[in-house]
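Report on one structure; see the data block that follows.
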Ligand SMILES: NC(=O)c1ccc[n+]([C@@H]2O[C@H](COP(=O)([O-])OP(=O)(O)OC[C@H]3O[C@@H](n4cnc5c(N)ncnc54)[C@H](O)[C@@H]3O)[C@@H](O)[C@H]2O)c1
Ligand SMILES: NC(=O)c1ccc[n+]([C@@H]2O[C@H](COP(=O)([O-])OP(=O)(O)OC[C@H]3O[C@@H](n4cnc5c(N)ncnc54)[C@H](O)[C@@H]3O)[C@@H](O)[C@H]2O)c1
Ligand SMILES: [Zn+2]
Ligand SMILES: [Zn+2]
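Chains as they are written, first to last, in full-length UniProt numbering: chain A, 1 to 384; chain B, 1 to 384.
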């Protein structure tokens, strides 16, 4: 049998920059990045897609953005800044996805130009996917404007939209060209989004960094009350841990079944879907972390006091730790628990669930004892 | 300014296997590959998408496929083999794309399972894209059944569909898990597909391998008449040159503007679109090669005799070397020539066109002299 072997590596590299007032004409962070990519032979184009929730709270923003890019050598902004709604709804809207693809076509965004998403994780997931499938991938820059997107989704390599009610069923791995985190955006966040975004930091601290968890625990009341310095540290360290895991754990595009950053997520994804996305992603993950932490305790892994510390941190953040859909419904299995198989399919391969061996140390299991799981749900209910 | 740097490499690796009668129970090539990927902990699934043009000529095939996979340890075939039409039309059909996504969902194809496309380049481009966007990329295996897909498209890393008449506007880079080239499929090819598929070999020989071009030239009449041994060599060497270029030229996912394998393609893509895909891809590329070879001659690069050799090889293959749409239309620019800008946008960045410095040696230019181009068109017309 004749045979030809293909084998190559592709390098992916991008910076996550932290800088306040990005579109202030005096702030050169973004301009410097772009100008380092300019080429004499032709002008590159920029297409900005803006989150309507951000635009509503920052009425001068579109004008600031237009002015800012006028100054950037070698780049030309498309004649229109496209403002679309924010929030999970945009990930349930295929026509909206295609309208972004149409804009990429209409404004001649080629593979050396940039699509720039400014908004929450939902908008960034949508924009990243539209960019990834147009011309087999145009470059995109992320400017995350929520706690969650600055500390997690915006700094990672994934995008996606929901399909037929299935969370992130359509999507791809497409690292951004760069990420710019501007804390000023966070000041206008709704309290629910401010608080729920912190959950990803709780998550990554629990599986990777006990000292970080201690710090979050100590800060949890101040964070919830809006302490910006504490929030800055939380976002920075959380982003750093995510970046390190993605780049350092050997499987950035998730070809294996191991997915430690999905701690607390198997039930969360299903809860989001079953509540029609009325639960925020972070709220659903809060519940997921609570259940899987208590389950880890019931397995004999986590001490009771550590389990209680985790629940207390989540409650200090005024986040939910239980949901009625986790319970059996009239003797039938909980629809969330029934979603375990769907989670396995989404990840692929063998069921792989991250649990906590101790605070700061995740460990994977390949099965869940359903009796123990319902017992964990019960404990969460009693600890609300 | 604080800053976190992400940097990682992703390895991509796959084999291109040549083997006759793939689905003969005695042929272990495909089974051995799959079984090497089996895992004890769970059964992986297989979903086969079959080209209707292939199925029509191989009426036992679906049954053979079903039987074949029954024997493969660790894998389970989906209850349905999905047969869809073949040909470019499937790339103009977004509902069909989503019906494949739906099948991936319905049959629980996870990221450790495989979608297997059996068919021409059009079907493989569609199937590869459906797989690439489902669950952020499920694995796919390609079983190309045309000359063109066995020697070029099927062994590469790209997929895609047309969008609003724009060739391959939607797509991605998604290397296959493996490729299996079975020459027996080629025996039922329509003469147009048999002949036009050889053009990609002419193309890659012209830009990279003079000895290969000499061989194709010597074989051109025999190839056209159906000589299977000559065809086997043509496909093997052409596939090998494509694989080597993709893996070895340092830019497998085409982040730069250089695209030597697109020699002859700038006009071809536009001609396909303008003729409503009545021209086969290979026929359009034949015209594109003719025009760009003559243009290379007019530039003083290629000798007149080499230019004539190229036209003769294409004509020996009974392929077109000219099209009326290349000419000015009532004093207006040719719509093909007007498509140069669209080609630039698709590739991105600076206009980059491969021409021939000599037979076996491509070289890039960044502008085309339109007067010279129309003169080249005229010469092609007179040499039909
Ligand atoms: N790609 C990934 O790796 C990844 C990882 C985690 C989460 N996610 C996804 O991220 C999404 C959640 O993102 P999110 O939590 O950022 O919420 P979101 O994007 O859904 O936004 C929530 C609300 O906040 C508004 N908003 C955004 N920025 C604002 C600002 N600065 N001021 C005022 N309002 C603002 C939005 O308009 C929206 O109404 C989910 O779809 C989740 O699945 C993706
Ligand atoms: N992805 C890439 O890198 C890449 C590269 C080059 C070309 N392409 C694409 O490939 C497509 C062309 O593919 P193609 O030339 O293979 O043609 P095709 O897939 O369009 O098929 C042509 C016809 O042959 C039929 N057919 C296929 N196999 C057969 C067989 N064994 N016996 C009988 N009939 C058979 C099909 O049903 C169809 O009617 C174009 O869309 C082109 O853009 C992609
Ligand atoms: Zn999350
Ligand atoms: Zn081609």
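Cβ coordinates follow ideal geometry from the N, Cα and C atoms, glycine included.
Notebook entry, point to check: For residue 243 of chain A, is the beta carbon positioned less than 6 Å from some heavy atom of ligand 3?
Noted result: Along the first chain, one-based indexing puts residue 243 of chain A at 243. Every heavy atom of ligand 3 is 6 Å or more from the Cβ of residue 243 of chain A, so no.
Next item on the list: Taking only runs that begin and end inside the segment 191-222 of chain A, name each unbroken alpha helix (DSSP H) of 4 or more residues, in chain order.
Entry: 191-197, 199-208
Note to self: Helix, strand or coil for residue 272 of chain B? Go by DSSP, reduced to three states.
What the structure shows: Counting from 1 along the second chain, the entry for residue 272 of chain B is found at position 272. In the structure shown, residue 272 of chain B sits in a helix (DSSP, three-state: H, G or I).
Next item on the list: Less than 8 Å between the CB atoms is what I'm expecting for residue 48 of chain A and residue 81 of chain A, so what's the real figure, rounded?
Entry: If you number the first chain from 1, residue 48 of chain A lands on position 48. If you number the first chain from 1, residue 81 of chain A lands on position 81. With 8 Å as the limit, residue 48 of chain A and residue 81 of chain A qualify as a contact, their Cβ atoms being about 5 Å apart.
Checklist line | CB contact check: residue 173 of chain B to chain A, cutoff 7 Å | finding: Reading the second chain from its first residue, position 173 is the one you call residue 173 of chain B. Answer yes: the Cβ-Cβ gap between residue 173 of chain B and chain A drops below 7 Å somewhere.
Check: Hey, would you say residue 354 of chain A sits closer than 7 Å to residue 263 of chain A, going by beta carbons?
Finding: By 1-based counting over the first chain, the position of residue 354 of chain A is 354. By 1-based counting over the first chain, the position of residue 263 of chain A is 263. Going by beta carbons, residue 354 of chain A and residue 263 of chain A fall inside the 7 Å limit.
Item checked: Inter-residue spacing [alpha-carbon to alpha-carbon] between residue 343 of chain B and residue 266 of chain B -> As a working note, residue 343 of chain B is residue 343 in the second chain. As a working note, residue 266 of chain B is residue 266 in the second chain. Approximately 6 Å between the Cα atoms of the pair.
Next item on the list: Excluding the 5 residues preceding and the 5 following residue 333 of chain B in the sequence, name in chain order all residues of the same chain whose CB lies nearer than 7 Å to its CB.
Entry: Looking up residue 333 of chain B in the second chain gives position 333. Closer than 7 Å at the Cβ level, and outside the excluded window around residue 333 of chain B, lies no residue.
Notebook entry, point to check: Which residues mark the beginning and the end of the beta strand (DSSP E) in which residue 169 of chain B is found?
Noted result: In the second chain, residue 169 of chain B corresponds to position 169, counting from 1. Here the beta strand (DSSP E) through residue 169 of chain B covers 166-170.
Checklist line | With 16 other Cβ atoms within 10 Å as the buried cut-off, status of residue 362 of chain B | finding: As a position in the second chain, residue 362 of chain B is number 362, starting the count at 1. Buried: at least 16 other Cβ atoms inside 10 Å.
Checklist line | Any chain A beta carbon closer than 7 Å to residue 1 of chain B | finding: Residue 1 of chain B sits at position 1 when you count from the first residue of the second chain. Yes, residue 1 of chain B lies at the interface with chain A (some Cβ there is under 7 Å from its Cβ).
Item checked: Rounded C-alpha distance that separates residue 285 of chain B from residue 292 of chain B -> The residue given as residue 285 of chain B occupies position 285 in the second chain. The residue given as residue 292 of chain B occupies position 292 in the second chain. Each residue's alpha carbon lies about 10 Å from the other.
Next item on the list: Count the other C-beta atoms from every protein chain shown that fall within 10 angstroms of the C-beta of residue 336 of chain B, then say buried if there are 16 or more, exposed otherwise.
Entry: Indexing the second chain from 1 puts residue 336 of chain B at position 336. Label assigned to residue 336 of chain B: buried.
Check: Does any C-beta atom of chain B lie closer than 7 Å to the C-beta of residue 76 of chain A?
Finding: Sequence index remark: in the first chain, residue 76 of chain A carries index 76 (1-based). False, the Cβ-Cβ gap to chain B never drops below 7 Å.
Checklist line | Environment of residue 304 of chain B [buried if 16+ CB atoms lie within 10 Å] | finding: Here the question's residue 304 of chain B lines up with position 304 in the second chain. The residue is exposed, with fewer than 16 neighbouring Cβ atoms inside 10 Å.
Check: So, using beta-carbon positions, are residue 161 of chain B and residue 126 of chain B closer together than 7 Å?
Finding: Numbered from its first residue, the second chain carries residue 161 of chain B at position 161. Numbered from its first residue, the second chain carries residue 126 of chain B at position 126. Cβ atoms of residue 161 of chain B and residue 126 of chain B: closer than 7 Å.
Notebook entry, point to check: Counting Cβ pairs closer than 8 Å, one from the segment 372-382 of chain A and one from the segment 216-235 of chain A, do we hit at least three?
Noted result: no
Checklist line | Exposure label - residue 221 of chain A; buried when at least 16 CB within 10 Å | finding: Counted from its first residue, the first chain places residue 221 of chain A at position 221. Exposed, since its Cβ has fewer than 16 Cβ neighbours within 10 Å.
Notebook entry, point to check: chain B partners of residue 170 of chain A, CB-CB under 9 Å?
Noted result: Your numbering for residue 170 of chain A matches position 170 in the first chain. Here the neighbours are 101, 133, 134, 135, 136.
Note to self: I'd like to know whether the C-beta atoms of residue 270 of chain A and residue 339 of chain A end up nearer to each other than 7 Å.
What the structure shows: On the first chain, residue 270 of chain A is found 270 positions in, with the first residue counted as 1. On the first chain, residue 339 of chain A is found 339 positions in, with the first residue counted as 1. Yes. Within cutoff.
Check: Does the beta-carbon distance from residue 144 of chain A to residue 207 of chain A come in below 7 Å?
Finding: Numbered from 1 along the first chain, position 144 holds the residue referred to as residue 144 of chain A. Numbered from 1 along the first chain, position 207 holds the residue referred to as residue 207 of chain A. No, the Cβ-Cβ distance between residue 144 of chain A and residue 207 of chain A is not below 7 Å.
Item checked: Coarse secondary structure for residue 73 of chain B, derived from DSSP in three states -> Taking the second chain and counting its residues from 1, one reaches residue 73 of chain B at position 73. Coil, per DSSP.
Check: Does any residue of chain B bring its CB to less than 7 Å from the CB of residue 38 of chain A?
Finding: As a working note, residue 38 of chain A is residue 38 in the first chain. No, its Cβ sits nowhere closer than 7 Å to a Cβ of chain B.
Note to self: Taking 6 Å as the cut-off, is the C-beta of residue 155 of chain A nearer than that to any heavy atom in ligand 3?
What the structure shows: Counting from 1 along the first chain, the entry for residue 155 of chain A is found at position 155. Every heavy atom of ligand 3 is 6 Å or more from the Cβ of residue 155 of chain A, so no.
Notebook entry, point to check: With burial defined as no fewer than 16 other Cβ atoms inside 10 Å of the residue's Cβ, what is the status of residue 67 of chain A: buried or exposed?
Noted result: By 1-based counting over the first chain, the position of residue 67 of chain A is 67. Residue 67 of chain A should be labelled exposed.
Margin query: Helix, strand or coil, according to DSSP, for residue 37 of chain B in the structure here?
Written below: Numbered from its first residue, the second chain carries residue 37 of chain B at position 37. Coil.
Notebook entry, point to check: Do the segment 314-323 of chain A and the segment 365-374 of chain A meet, that is, are 3 or more Cβ pairs less than 8 Å apart?
Noted result: no
Notebook entry, point to check: Straight-line CA distance for residue 142 of chain B to residue 272 of chain B?
Noted result: Translated into the one-based positions of the second chain, residue 142 of chain B becomes position 142. Translated into the one-based positions of the second chain, residue 272 of chain B becomes position 272. Between residue 142 of chain B and residue 272 of chain B, the C-alpha separation is close to 24 Å.
Check: Interface residues of chain B around residue 345 of chain A at Cβ under 7 Å?
Finding: Here the question's residue 345 of chain A lines up with position 345 in the first chain. Simply 108, 110.
Next item on the list: Could you spell out where the beta strand (DSSP E) holding residue 5 of chain B opens and where it closes?
Entry: Within the second chain, the letter at position 5 stands for residue 5 of chain B. Its beta strand (DSSP E) spans residues 2-18.
Next item on the list: Within its chain, find whatever has a CB closer than 6 Å to the CB of residue 17 of chain B; leave out the 5 residues flanking it on each side and keep chain order.
Entry: Along the second chain, read from residue 1 onward, the residue named residue 17 of chain B stands at position 17. Excluding positions up to five away in sequence, the list reads 29, 180.
Notebook entry, point to check: Quick one: is the Cβ of residue 279 of chain B within less than 6 Å of any heavy atom of ligand 2?
Noted result: If you number the second chain from 1, residue 279 of chain B lands on position 279. No - ligand 2 has no heavy atom lying nearer than 6 Å to the Cβ of residue 279 of chain B.
Note to self: For residue 197 of chain A and residue 314 of chain A, I'd like the C-alpha separation in whole angstroms.
What the structure shows: Within the first chain, residue 197 of chain A is the residue found at index 197, counting from 1. Within the first chain, residue 314 of chain A is the residue found at index 314, counting from 1. Cα atoms of residue 197 of chain A and residue 314 of chain A: separation of roughly 12 Å, rounded to the nearest angstrom.
Next item on the list: Grab me the residues of residue 306 of chain B's own chain with a C-beta within less than 6 Å of its C-beta, minus the 5 sequence neighbours each way, in chain order.
Entry: On the second chain, residue 306 of chain B is found 306 positions in, with the first residue counted as 1. Only 359 meet the Cβ criterion.
Notebook entry, point to check: What do you reckon, are the CB atoms on residue 131 of chain B and residue 157 of chain B nearer than 7 Å?
Noted result: Position 131 of the second chain, counted from the first residue, corresponds to residue 131 of chain B. Position 157 of the second chain, counted from the first residue, corresponds to residue 157 of chain B. For residue 131 of chain B and residue 157 of chain B, no; Cβs fall outside 7 Å.
Next item on the list: Note down the Cα distance separating residue 87 of chain A from residue 8 of chain A, rounded to an integer number of angstroms.
Entry: Counted from its first residue, the first chain places residue 87 of chain A at position 87. Counted from its first residue, the first chain places residue 8 of chain A at position 8. Whole-angstrom Cα-Cα distance: 38 Å.
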